[in-house]
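Numbering (this note's numbering), first residue to last: 1 to 255.
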């Protein structure tokens, strides 16, 4: 037997053995080493834990950013008061402002900013539903204390605002009876505002707006209202200091 013949036989034998292992692997019949499944499960559990930790950390970071925004605006306001000749306590009695937040964590940035407004007593309704909102406004009217100011931080469509369902203009009119100023901080809300003759002053937006930019307009507008500015003056101040996109699509509808 020649060397070439011997080498050829070895190669063929190696190919046969390799083929057997490939077949066993493809058909799932290849034996697993002891403990391999347990190690795999342990790795999967660890990966799920790390993913959950990332989600928790991300939420914590988001919450801290919202608090930081509110704190910065509060500091700016206090610094302005410190340099003003008018004492801080001279801000007139607080007026109730109801802030309605839709079911989206990104909308909470408005609430964080508005909590720093002087002159307004902020009441919040987060993840609001139509029934919750109607029950609350009805109760205030029955007690002889209708809500004068309302701020909606929501998603919207031309046909209505999104709470637990799409709230139409007629449904909104029932809720907003007695409201003097309403701000609809959401996309394309100007069309809804046109259908609400029951409210004397409505601030809305003609085009989609980003909530991470729009919160500054909200803060400036309601701060001016808390300082007893007229709606026209408050609207002008807020527009002047807001990002360009917000300034261009903000609209004040008065009747």
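For every residue, glycine included, the Cβ atom is placed at its ideal position computed from N, Cα and C.
Check, Outcome
"Among 134, 227, 139 and 188, which has the Cα closest to the Cα of residue 173?", "134"
"With residue 211 and residue 110 assumed to form a contact (beta carbons below 8 Å), what rounded beta-carbon distance in angstroms separates them?", "7 Å"
"According to DSSP, simplified to helix, strand and coil, what is residue 96?", "strand"
"Look at residue 139 and residue 182 and say whether their C-beta atoms are less than 8 Å apart.", "no"
"How would you write the range of the beta strand (DSSP E) that residue 183 sits in, first residue to last?", "181-185"
"Just the C-alpha distance for residue 120 and residue 130, rounded to the nearest angstrom, thanks.", "24 Å"
"Compute the distance between the beta-carbons of residue 232 and residue 198, then report whether it is under 8 Å.", "no"
"Here's the rule: buried if 16 or more other CB atoms are within 10 angstroms of the residue's CB, otherwise exposed. What is residue 89?", "Model confidence at residue 89 stands at a pLDDT of 35, short of 50, so the residue's coordinates are unreliable; what they give is reported in the following sentence. So residue 89 ends up on the exposed side."
"Give the C-beta separation of residue 255 and residue 200 to the nearest angstrom, bearing in mind that I take them to be a contact with Cβ-Cβ under 8 Å.", "6 Å"
"According to DSSP, simplified to helix, strand and coil, what is residue 116?", "coil"
"From the DSSP output, in three-state form, read off residue 266 for me.", "One cannot answer for residue 266 here, as it falls past the ends of the chain, which runs 1 to 255."
"Which of the three DSSP states is assigned to residue 198 in this structure?", "coil"
"Within a Cβ cutoff of 6 Å, which residues of the same chain sit near residue 189, ignoring the five residues on either side of it in sequence?", "156, 204 and 205"
"Rounded to a whole number of angstroms, what is the C-alpha to C-alpha distance between residue 213 and residue 48?", "34 Å"
"What number of angstroms, rounded off, separates the C-alpha of residue 46 from the C-alpha of residue 108?", "32 Å"
"Give me, in chain order, the residues of the same chain whose beta-carbon lies closer than 7 Å to that of residue 247; leave out the 5 immediate sequence neighbours on both sides.", "239"
"Return the bridge partner residues of residue 149 from the DSSP annotation.", "97 and 181"
"State the Cα-Cα distance for the pair residue 132 and residue 161, rounded to the nearest angstrom.", "15 Å"
"When we look at the beta-carbon of residue 141 and count the other beta-carbons within 10 Å, is it buried (16 or more) or exposed?", "exposed"
"Where do the ends of the alpha helix (DSSP H) carrying residue 252 lie?", "Looking at the DSSP string, residue 252 is not in any alpha helix (DSSP H); the run it does join, the beta strand (DSSP E), is 250-254."
"Might you give, ordered along the chain, the residues of its own chain that have their beta carbon closer than 8 Å to the beta carbon of residue 127, omitting 5 neighbours on each side?", "101, 102 and 103"
"Tell me which residue opens and which closes the beta strand (DSSP E) that residue 162 is part of.", "160-162"
"Quick check: residue 154 and residue 98, are their CB atoms within less than 8 Å of each other?", "no"
"Would you list the residues sitting across from residue 109 in a DSSP beta bridge?", "Looking at the DSSP assignment, residue 109 forms no beta bridge with any residue, so it has no partner."
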